[in-house]
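Input: a single structure, listed below in structure tokens.
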Amino acid sequence: MSGPSLDVAVAALTAGRGAPFRGASGLPAGTVWLAGDAAAVAAADLARATDRAHLLATADAFPAPDLSASARPDEVRLPCIDLQVGADGGVHVRVGAERTADGSPVLAAHLAAPLPAEGPVVLFVPAGNAPVAGHAFVLARMAADAGTAAAAARSRASAAEPAPPQIGWPRRWRIAFQSVGQHNRRPPLLEIARTLGASRCRDALLVADEALLIAFTERLAVELTPGDADAPWPFERALWRALLPRLERDELPDALHAHCLRQLGAMADDTAALRSALDASADGEAFARALREDNVGALGDHDAAWRARGLDWLRRQGVQVPGYDPLGGDDERRVALRTFFAAEAAAEGGR
Numbered sequence: 018m019s020g021p022s023l024d025v026a027v028a029a030l031t032a033g034r035g036a037p038f039r040g041a042s043g044l045p046a047g048t049v050w051l052a053g054d055a056a057a058v059a060a061a062d063l064a065r066a067t068d069r070a071h072l073l074a075t076a077d078a079f080p081a082p083d084l085s086a087s088a089r090p091d092e093v094r095l096p097c098i099d100l101q102v103g104a105d106g107g108v109h110v111r112v113g114a115e116r117t118a119d120g121s122p123v124l125a126a127h128l129a130a131p132l133p134a135e136g137p138v139v140l141f142v143p144a145g146n147a148p149v150a151g152h153a154f155v156l157a158r159m160a161a162d163a164g165t166a167a168a169a170a171r172s173r174a175s176a177a178e179p180a181p182p183q184i185g186w187p188r189r190w191r192i193a194f195q196s197v198g199q200h201n202r203r204p205p206l207l208e209i210a211r212t213l214g215a216s217r218c219r220d221a222l223l224v225a226d227e228a229l230l231i232a233f234t235e236r237l238a239v240e241l242t243p244g245d246a247d248a249p250w251p252f253e254r255a256l257w258r259a260l261l262p263r264l265e266r267d268e269l270p271d272a273l274h275a276h277c278l279r280q281l282g283a284m285a286d287d288t289a290a291l292r293s294a295l296d297a298s299a300d301g302e303a304f305a306r307a308l309r310e311d312n313v314g315a316l317g318d319h320d321a322a323w324r325a326r327g328l329d330w331l332r333r334q335g336v337q338v339p340g341y342d343p344l345g346g347d348d349e350r351r352v353a354l355r356t357f358f359a360a361e362a363a364a365e366g367g368r
């Protein structure tokens, strides 16, 4: 999507720490801000292009002079968006390019013009080397009973539960929750993985980028309680769940993707099976059994890449499939698999 840079529409930049570079929002190069006729055309094109554009989420927001509205996408590399009614009565937009673990913007761009009374505005953030071109945020003012909507929003905000305190967590966990930046966040997470014996997590934490470290820490805070601090499986499960959204979109850095292939084998290409195994496994041993079952099943797949990944994973676990060649002929593979399954059944029956 082409158009003017968001930076030219910015009235001010604010930073939660340090000082922002004057004139740079911190968003990826190529980020576009469209208003007026250009935004209307872009929004209409997005609505029509169902084969090229997929709607991920919609939300209604009701900002008021004493009540702001915030959007925090699950993908931490995407900006957060805050709406606030200004002194002029207009709804003003703040785009946060960097976020802390709780989703608060660290570096934020304040747009000069408020949302128009009619028609949309469009923020487009390119995805870099990802398989998608980028993500478009379409903002538009809708007709609504402002008083009733604001009252309902105030009621929801007052009823919202506060963030859980970090009371009861061991010190290394508290350090991980409170750290900012990948260089501060990585060491306590690695120490937790070491003390828990979560071997499948260590390499991922070593090569994880800051976005994953933030997503992982947020998962830990949401899914675990202090009673889980000494249990390796909830820690590992939270890591894989933090990885899943980017694994599904094929947006992982090469080193992280290689780690997934090494630890998961063919299941790295079957995120539905991975999600199911994470939900169904009561502990790390159950997850290991699910991994083995999935990789054994991959040996009979029609895709040679899946067969090769399944076989590589099994070999790393010390499982041999005599006579099996993932690139061999169908008949040869069937014979080798029948022999393997017969040996597995005999070994199981002898236990």
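If you read the sequence shown in this note's numbering, its first letter stands for residue 18, the second for the next number, and so on. From the three backbone atoms N, C-alpha and C, an ideal C-beta is built for every residue, glycine too. Quick caveat: nothing in here was measured; it's all calculated off a predicted structure.
Assign residue i to buried or exposed, taking buried as 16 or more other Cβ atoms, counted over all protein chains shown, within 10 Å of its Cβ.
i: A363; result: exposed
i: E361; result: exposed
i: Q337; result: exposed
i: H71; result: exposed
i: A46; result: exposed
i: A180; result: With a pLDDT of 48 at A180, under the threshold of 50, the modelled position of this residue cannot be trusted; read the value that follows with caution. Classification for A180: exposed.
i: P251; result: buried
i: T242; result: exposed
i: R202; result: buried
Can you tell me where the beta strand (DSSP E) with residue i in it begins and where it stops?
i: D99; result: 97 to 102
i: V138; result: 137 to 143
i: H319; result: Element bounds for H319: n/a, residue is neither H nor E.
i: W50; result: 49 to 51
i: V149; result: Unbroken run through V149: none, as it is neither H nor E.
i: A360; result: Not the beta strand (DSSP E): A360 falls in the alpha helix (DSSP H), residues 347 to 366.
i: S42; result: Neither: S42 is in no beta strand (DSSP E) and is coded neither H nor E.
i: A88; result: 86 to 88
For residue i, name the three-state secondary structure that DSSP assigns.
i: F79; result: coil
i: H71; result: coil
i: V338; result: coil
i: L30; result: strand
i: S22; result: strand
i: S216; result: helix
i: L269; result: coil
i: R111; result: strand
i: A259; result: helix
i: A118; result: Low local confidence applies: a pLDDT of 49 at A118 is under 50, so the model's placement there is unreliable, with the coordinate-based value given in what follows. Three-state DSSP puts A118 in coil, outside helix and strand.
i: L156; result: strand
So residue i is in the alpha helix (DSSP H); what residue range does that whole segment cover?
i: V239; result: 227 to 240
i: S293; result: 288 to 297
i: A246; result: Premise fails: A246 is in no alpha helix (DSSP H) and is neither H nor E.
Any beta-carbon of chain D closer than 8 Å to the one on residue i?
i: L260; result: Of the protein chains in this structure there is only one, and it is not chain D.
Write down the C-beta distance between residue i and residue j rounded to the nearest angstrom, noting that I regard them as a contact closer than 8 Å.
i: A126; j: S42; result: 4 Å
Checklist entry - Does the stretch 272 to 289 come within contact of the stretch 318 to 329, defined as at least 3 CB pairs closer than 8 Å? => result With contact defined as three or more Cβ pairs closer than 8 Å, the stretch 272 to 289 and the stretch 318 to 329 are in contact.
Item to check | Meets three-Cβ-pair contact criterion under 8 Å: the stretch 99 to 113 and the stretch 79 to 90 | outcome: At 8 Å Cβ cutoff, the stretches touch.
Next on the checklist: With three or more beta-carbon pairs closer than 8 Å as the criterion, would you say the stretch 252 to 260 touches the stretch 127 to 136?
Outcome noted: In the pairwise beta carbon analysis, the stretch 252 to 260 is classified as not touching the stretch 127 to 136: fewer than three pairs are separated by under 8 Å.
Next on the checklist: When you compare the stretch 300 to 317 with the stretch 339 to 354, are there three or more beta-carbon pairs, one atom per stretch, that lie closer than 8 Å?
Outcome noted: Flag = yes, the stretch 300 to 317 and the stretch 339 to 354 touch.
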